[in-house]
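Participant: Everything in the sequence shown is counted per the working numbering, starting at 25 for the first residue and increasing by one.
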Amino acid sequence: MSEKKPDLSVERATALNDEDLAALCEAADAAILDGGGFGWVNPPGRAVLERYFQGVLLVPERELYLARLDGVVVGSAQLVRPPRNNEAQAFAATLTHSFIAPYARGHGLARLLTLRVEEGARALGYHVLNLDVRETQEAAIQLYRSLGYVHWGTHPVYARVGGRTIRGLYFYKLLNPGGKIA
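(1) Check whether the stretch 28-37 and the stretch 88-102 are in contact - that is, three or more C-beta pairs closer than 8 angstroms.
(2) Of the choices G144, Q166, E159 and E50, whose alpha-carbon is the least far from that of E85?
(3) From the DSSP secondary-structure annotation, give me the bridge partner or partners of N154.
(4) Touch check for the stretch 54-63 and the stretch 118-132: three-plus C-beta pairs under 8 angstroms?
(5) Let me know the beta strand (DSSP E) ranges lying completely inside the stretch 52-128, each 3 residues or longer, listed in chain order.
(6) Tell me the rounded alpha-carbon separation between R129 and D156.
(7) Using 8 angstroms for Cβ pairs, my map puts A47 next to V104. What's the rounded Cβ distance?
(8) With Y196 and R140 assumed to form a contact (beta carbons below 8 angstroms), what rounded beta-carbon distance in angstroms separates them?
(9) If I follow the unbroken alpha helix (DSSP H) through Y168, where does it start and stop?
(10) Can you list, in chain order, the residues of its chain whose CB lies under 7 angstroms from that of L199, leaving out five sequence neighbours each side?
(11) For T178, list the residues DSSP reports as bridge partners.
(12) So does D44 have its beta carbon nearer than 8 angstroms to some heavy atom of the ligand HEM?
(13) Any idea what DSSP makes of A39, helix, strand or coil?
(14) For T160, which residues in the same chain have their Cβ closer than 8 angstroms to its Cβ, ignoring the five residues on either side in sequence?
(15) My understanding is that L167 touches L32, with C-beta atoms under 8 angstroms, so please give their C-beta distance in whole angstroms.
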């Protein structure tokens, strides 16, 4: 008898029901404890995470994408548009705060999540997607490189984790290769 293939999905969230919010906070806690905590080094507590994710939905320049494994939220990413007063960089958006909980890894969800954010950026007319990541996020770095992201720079004092200074790697991807950037 063959094992059932997991159901993977990614959608843009416009609201969070209680069940999705709880699952998202649980996934974020697990990712933070595993060292992949999009800025947090220690879990800030459920109330802080709930307010954070609810607040993300209120920011006009941010879009929250949810990754689901068998219908349960296990990760997320954000697409951040440049502020309206930044005409010089109006062609580029940023992929940030991307994570998949450790218990949901190995199914290709991080790849699917990244591709969905890219699709969202293209649909909004962006030509470049930027991101940055700690040097310790080896799986994420490998994923981004495999998807065609170009490493263009390294910040030598990007983050402090466990009393140690961590470098940050900066990447970009042209969303319409060969196309003209308007």
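Built from N, CA and C at the ideal position, the CB exists for glycine as well.
Here the structure is a predicted model, which means the values were calculated and not measured.
Facilitator: Considering the structure as presented:
(1) A contact exists between the stretch 28-37 and the stretch 88-102.
(2) Comparing Cα positions, the closest option is G144.
(3) Answer by DSSP bridge pairing, in chain order: T118 and Y196.
(4) Contact between the stretch 54-63 and the stretch 118-132 is present, because at least three Cβ pairs lie under 8 angstroms.
(5) Runs of the beta strand (DSSP E) inside the stretch 52-128: 86-93, 96-104 and 116-124.
(6) Put simply, the backbone Cα of R129 is about 20 angstroms away from that of D156.
(7) Under the criterion of beta carbons closer than 8 angstroms, A47 and V104 do not qualify as touching, at roughly 23 angstroms.
(8) 18 angstroms between Cβ atoms; not a contact.
(9) Unbroken alpha helix (DSSP H) run through Y168: E162 to S170.
(10) Contacts found: E142, A145, R146, Y150, H151, V152 and L153.
(11) For T178, which the question treats as bridged, DSSP gives the partners L193.
(12) Looking for the ligand HEM in the displayed structure turns up nothing, as the structure carries no ligands at all.
(13) Residue state, collapsed to three classes: coil.
(14) Excluding residues up to 5 positions away in sequence, G59, V185 and I190 lie with their Cβ nearer than 8 angstroms to the Cβ of T160 in the same chain.
(15) Rounded to the nearest angstrom, the Cβ distance from L167 to L32 is 15 angstroms, too far for a contact under 8 angstroms.
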